[in-house]
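**Q**
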RNA sequence: GGAGAUGUCGCAUAGUUGGUCUAGUGCGCCACAUUGGAAAUGUGGUAUACCGGCAACGGUAUCAAGGGUUCGAAUCCCUUCAUCUCCGCCA
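Written out as structure tokens, the structure is:
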């Protein structure tokens, strides 16, 4: 959500944001409603003030009856205005929730991902002296999963990791969490069951009608709860309605949670293997900071993800996502993509996003500035730290040997009991 | 899930026969005074949002949330939510 004052004063900037982000331009409708809402507020408030004044005179008045009648009459007028006000305010509110965040000037302008720009490439994809196996073959031959069995028990797009690969997943997660803790992140294990409103407050969805998320979010039948797609959603609301102390910023969280996605629009894509599943585990970096710290924090959490790529010895690249690709609530976004030998391409492992004050307005998360005493909305940012099992795919594919075994990156070996290799025994 | 209790301005509390409650007090915090400096003490201040106004300032709303009764609600009624205690169930 944007600041209504900003929209009033900069309608052209907002219109442009709608255009480059591919969202409908509703600015004129919104501003017209805004004018009417303010008129009605002024009218009702003036009348209420008058009524309050009369009510206050009643207890001491000698002749109460005329005052009571007068107050009652004003009350009826107010009720009529209030009805229109409530209606117009709800409409305004809905439009306010349909205005996208203004993209950063640095973001490439374009309608979709084809306009994305590669900004950095690290490492070189390995040249294999044997035919590398895709993830599913490595999983099969090492007994690291049981796809048919699990599909039969639980349905498709879910997985079970077995044996050493499951251990490796734990090692990766522990490595990442420890690293983030050492960098001043507060580790938090987040719930996955939440209220729809909480998801809405993260600003991924437009408008005021919560049912729009039914396509993407698993609702829990016969309850008012749903399954969260990421810990970002929970952490985003962690300081809702609070006024934080400037000295406590930036607040950095590393949130772990199981993540649930319907993947409704992905039918038929990535059906094999473990890259796209309904349920996975993720550690998310999430930062609350002053708006002027936002760029610095963006670099910080982006670098953390890059460091993980390097620790896992993965060739990777960083993308600057275009305005049309970055989504409704974002100022700027950088995907980090690792090399997937089986696909002969780079593929997203994490996504670093600056949200500005967009989410903070929805959650009402603010801080008090020491120097001025002013209360301001915080800026928020989020980035994947590690998403599992997807991140295991480039690790096993890039580090595989001809016999199907997989070398463990040095950084992870301490978390694997000193082992240097897994699999390949069959 | 069953029974009961509670939910007030950062924290702790007063206020529940509806009307100077524009919510009192204590603590905390800020400023000033006092002091060589500090403690202690004293005085004053101490919310947020929105509307109007160049501004000073004025107004409206907020006593968990929403609705209702009333000329008037922190106080009465209804609904929801949260917390606590006991029971049930259970990792």
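Numbering (this note's numbering), first residue to last: -4 to 421. Where is the CB? At the ideal position from N, CA and C, for every residue including glycine.
Can you tell me whether residue 23 is helix, strand or coil according to DSSP?
**A** Three-state DSSP puts residue 23 in a helix.
**Q** Nearest by alpha-carbon distance to residue 235: which of 2, 345, 374 and 404 is it?
**A** Nearest option by C-alpha distance: 374.
**Q** Which one of 305, 378, 269 and 329 has the shortest CA to CA distance from residue 315?
**A** That would be 329, whose Cα lies nearest to the Cα of residue 315.
**Q** If we require 4 or more residues per run, which alpha helix (DSSP H) segments fall completely within the region 311 to 365?
**A** The qualifying runs are 353 to 358.
**Q** Starting from the Cα of residue 306, find the closest Cα among 26, 159 and 380 and give me that residue.
**A** Of the candidates 26, 159 and 380, the one whose C-alpha sits nearest the C-alpha of residue 306 is 380.
**Q** Using a 10 Å radius around the Cβ and a threshold of 16 neighbouring Cβ atoms, would you call residue 181 buried or exposed?
**A** Exposed, by the Cβ-count rule.
**Q** Just to check my reading of the structure: residue 80 and residue 39 have Cβ atoms closer than 8 Å, yes? What is that Cβ distance to the nearest angstrom?
**A** Contact flag correct, Cβ pair sits at about 6 Å.
**Q** Under DSSP, the beta strand (DSSP E) around residue 240 begins and ends at which residues?
**A** Where residue 240 is concerned, the enclosing beta strand (DSSP E) stretches over 238 to 240.
**Q** Going by DSSP, what residues sit across from residue 66 in a beta bridge?
**A** Residue 66 pairs with nothing; no bridge assigned.
**Q** Helix or strand or just coil, what does DSSP make of residue 408?
**A** In this structure, residue 408 counts as helix in the three-state DSSP scheme.
**Q** When the Cβ atoms of the region 391 to 402 are set against those of the region 353 to 370, are three or more pairs found closer than 8 Å?
**A** With the cut-off at 8 Å, the region 391 to 402 and the region 353 to 370 do not touch.
**Q** Kindly give me the distance between the Cβ atoms of residue 344 and residue 406, rounded to whole angstroms, as I take these residues to be in contact under 8 Å.
**A** No, residue 344 and residue 406 are not in contact; Cβ-Cβ is about 16 Å, not under 8 Å.
**Q** By Cβ distance below 8 Å, which residues in the same chain neighbour residue 187 in space, the five residues on each side in sequence not counted?
**A** Closer than 8 Å at Cβ, skipping near neighbours: 222, 223, 252, 253, 254 and 255.
**Q** Going along the chain, which unbroken runs of the beta strand (DSSP E) with 3 or more residues stay wholly within the region 242 to 275?
**A** Counting only runs of 3 or more, we get 246 to 255.
**Q** Compute the Euclidean distance between the alpha carbons of residue 5 and residue 101, then round it to the nearest angstrom.
**A** So the two alpha carbons sit approximately 19 Å from each other.
**Q** Can you give, in chain order, each stretch of the beta strand (DSSP E) that sits fully within the region 87 to 172 and has at least 3 residues?
**A** 112 to 117, all fully within the region 87 to 172.
**Q** Give the C-beta separation of residue 83 and residue 114 to the nearest angstrom, bearing in mind that I take them to be a contact with Cβ-Cβ under 8 Å.
**A** No, residue 83 and residue 114 are not in contact; Cβ-Cβ is about 45 Å, not under 8 Å.
**Q** Measure how close the beta-carbons of residue 142 and residue 12 come, nearest whole angstrom, since I'm counting them as under 8 Å.
**A** No, residue 142 and residue 12 are not in contact; Cβ-Cβ is about 44 Å, not under 8 Å.
**Q** Taking the beta strand (DSSP E) that residue 373 belongs to, which residues open and close that run?
**A** No beta strand (DSSP E) contains residue 373, which DSSP labels as neither H nor E.
**Q** Run through DSSP, which three-state label would residue 218 get?
**A** Reduced to three states, the DSSP call for residue 218 is coil.
**Q** On the three-state DSSP scale, how would you describe residue 41?
**A** Correct three-state label for residue 41: helix.
**Q** How about residue 320 and residue 107: are their beta carbons less than 8 Å apart?
**A** It is a contact, given that the beta carbons lie within the stated cut-off.
**Q** Do the region 86 to 96 and the region 363 to 370 make contact, defined as three or more Cβ pairs closer than 8 Å?
**A** Result no; under three Cβ-Cβ pairs closer than 8 Å.
**Q** One question on the structure: do residue 283 and residue 244 come within less than 8 Å of each other, judged by their Cβ atoms?
**A** Yes; because the gap between Cβ atoms is below 8 Å, this pair is in contact.
**Q** Pair every Cβ in the region 109 to 124 with every Cβ in the region 42 to 57, then say whether three or more of these pairs are closer than 8 Å.
**A** With the cut-off at 8 Å, the region 109 to 124 and the region 42 to 57 do not touch.
**Q** Looking at the strands, I want to know which residues DSSP matches up with residue 383.
**A** Looking at the DSSP assignment, residue 383 forms a beta bridge with 276.
**Q** Near residue 247, which residues of its chain fall below 6 Å by C-beta distance, leaving aside the five closest residues on each side in sequence?
**A** 179, 180 and 282, listed in sequence order.
**Q** Using 8 Å as the Cβ pair cut-off and three pairs as the minimum, do the region 129 to 144 and the region 260 to 275 touch?
**A** With the cut-off at 8 Å, the region 129 to 144 and the region 260 to 275 touch.
**Q** Assuming residue 309 contacts residue 378 (C-beta within less than 8 Å), just tell me the rounded distance between them.
**A** No, residue 309 and residue 378 are not in contact; Cβ-Cβ is about 16 Å, not under 8 Å.
**Q** Would you mind reading off the limits of the alpha helix (DSSP H) that contains residue 302?
**A** Counting along the chain, the alpha helix (DSSP H) containing residue 302 begins and ends at 289 to 306.
**Q** In the DSSP output, what is residue 188 paired with across the bridge?
**A** 222, per the DSSP bridge assignment.
**Q** Quickly, what does DSSP pair residue 13 with across the bridge? List them, please.
**A** Its beta-bridge partners do not exist; DSSP assigns none.
**Q** By Cβ distance, which residues of its chain are closer than 6 Å to residue 210, with the 5 residues on each side in sequence left out?
**A** Same-chain partners within the cutoff: 259.
**Q** Do the CB positions of residue 15 and residue 104 come within less than 8 Å of each other?
**A** It is a contact, given that the beta carbons lie within the stated cut-off.
**Q** Going by the CB atoms, is the gap between residue 49 and residue 62 shorter than 8 Å?
**A** Cβ distance < 8 Å, so residue 62 and residue 49 count as in contact.
**Q** On the three-state DSSP scale, how would you describe residue 1?
**A** Correct three-state label for residue 1: helix.
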